[in-house]
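Engineer:
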Amino acid sequence: MLMQYAAVGILFVGAIFFACAALIVSRLLQTHHPYKEKCQIYECGMPPFGGAWVRFKPSYFQTGLIFLLFDVEMMFLLPWAAAFRGMGIAALLEMFVFIAILTVGLIYAWRERVLEWH
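Residues 144 to 261, numbered by the working numbering, are exactly what the sequence shown covers, in order.
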């Protein structure tokens, strides 16, 4: 069993070494020659106007997080539904717990008025 951990440890050290080596080599090989056009903001080929720092409404991020929540829910629900017949009653109860936790999150978001678009 110790050999299995040793193999994982060697792979981990190798991955860290490879990542550090890649960062060092990329830093050594890159060229850095800033000039006015290179440092300008890129706006889809249009000449830039205004400042670069634009404030976004927090509701955009909240909507994205809620979408991500339900997207992950579907990622777990669809394979479960496809293999439901062979899993038994325990899997059904676990999925009810999973859906209950997500429902509590949805009710909380609803009460905090996160779902309303202003």
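For every residue, glycine included, the Cβ atom is placed at its ideal position computed from N, Cα and C.
(1) If you follow the alpha helix (DSSP H) that tyrosine 251 is part of, which residue opens it and which one closes it?
(2) For proline 201, tell me which candidate among Leu145, Arg256 and Phe213 has the shortest Cα-Cα distance.
(3) Taking 8 Å as the threshold (C-beta atoms), are phenylalanine 227 and alanine 234 in contact?
(4) Work out the CA separation of glycine 152 and lysine 179 for me, nearest whole Å.
(5) Can we say the stretch 243 to 252 touches the stretch 201 to 219, given the rule of at least three CB pairs closer than 8 Å?
Structural biologist: Well, looking at it:
(1) 232 to 254
(2) Arg256
(3) yes
(4) 47 Å
(5) yes
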